[in-house]
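All you need for this note's numbering is the position in the sequence shown, starting with 1, plus 16.
First the structure, in the form of structure tokens, and then the observations on it.
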Amino acid sequence: MGNNGNRGVPIIDKERCKGCGLCIANCPKKILAKSKELNSQGLHYTVCIDESICIACGACALMCPDAAIEIDKFVEAEAV
Ligand code: SF4
Ligand code: SF4
Numbered sequence: 017m018g019n020n021g022n023r024g025v026p027i028i029d030k031e032r033c034k035g036c037g038l039c040i041a042n043c044p045k046k047i048l049a050k051s052k053e054l055n056s057q058g059l060h061y062t063v064c065i066d067e068s069i070c071i072a073c074g075a076c077a078l079m080c081p082d083a084a085i086e087i088d089k090f091v092e093a094e095a096v
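The structure is reproduced here in structure tokens:
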């Protein structure tokens, strides 16, 4: 952990997600995508396809109109 610029992971609540795609469009690392599976509302929710390069910028969480994403930031290791 902590290599590759990996600073955290997005935690996506698939049942809150309505599949609008705003987070996908705004992720600078392009690591968000629509699920193949459906959630209980019959919607394609967002999944993270490569957590190892998430920079925990928070853009996805900020854009989400349904507050379906939280960022689990790793403990700061860079302020040495
Ligand atoms: S925190 Fe930033 S890099 Fe990570 S998934 Fe969200 S938008 Fe992408
Ligand atoms: S912005 Fe929110 S509701 Fe829209 S696809 Fe992303 S997680 Fe789902």
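From the three backbone atoms N, C-alpha and C, an ideal C-beta is built for every residue, glycine too.
Every value quoted in this text rests on a predicted model; they were computed, and no experiment measured them.
Counted within 10 angstroms of its Cβ, other Cβ atoms place residue i as buried (16 or more) or exposed
{"i": "Leu48", "result": "buried"}
{"i": "Ala83", "result": "exposed"}
{"i": "Ile27", "result": "exposed"}
When the options are compared against residue i, the one with the closest alpha-carbon
{"i": "Asp29", "options": "Arg23, Phe90, Cys76", "result": "Cys76"}
{"i": "Val63", "options": "Ala72, Leu78, Gly35, Met79", "result": "Gly35"}
{"i": "Asp88", "options": "Gly37, Ile71, Lys45", "result": "Ile71"}
According to DSSP, residues forming a beta bridge with residue i
{"i": "Lys50", "result": "Thr62"}
{"i": "Asp88", "result": "Val25"}
Any non-hydrogen atom of ligand 2 closer than 8 Å to residue i Cβ
{"i": "Ala75", "result": "no"}
{"i": "Ala49", "result": "no"}
Any non-hydrogen atom of ligand 1 within 8 Å of residue i CB
{"i": "Asn70", "result": "This sequence places Cys at residue 70; Asn is not what is there. Within the cutoff, so yes."}
{"i": "Asn55", "result": "no"}
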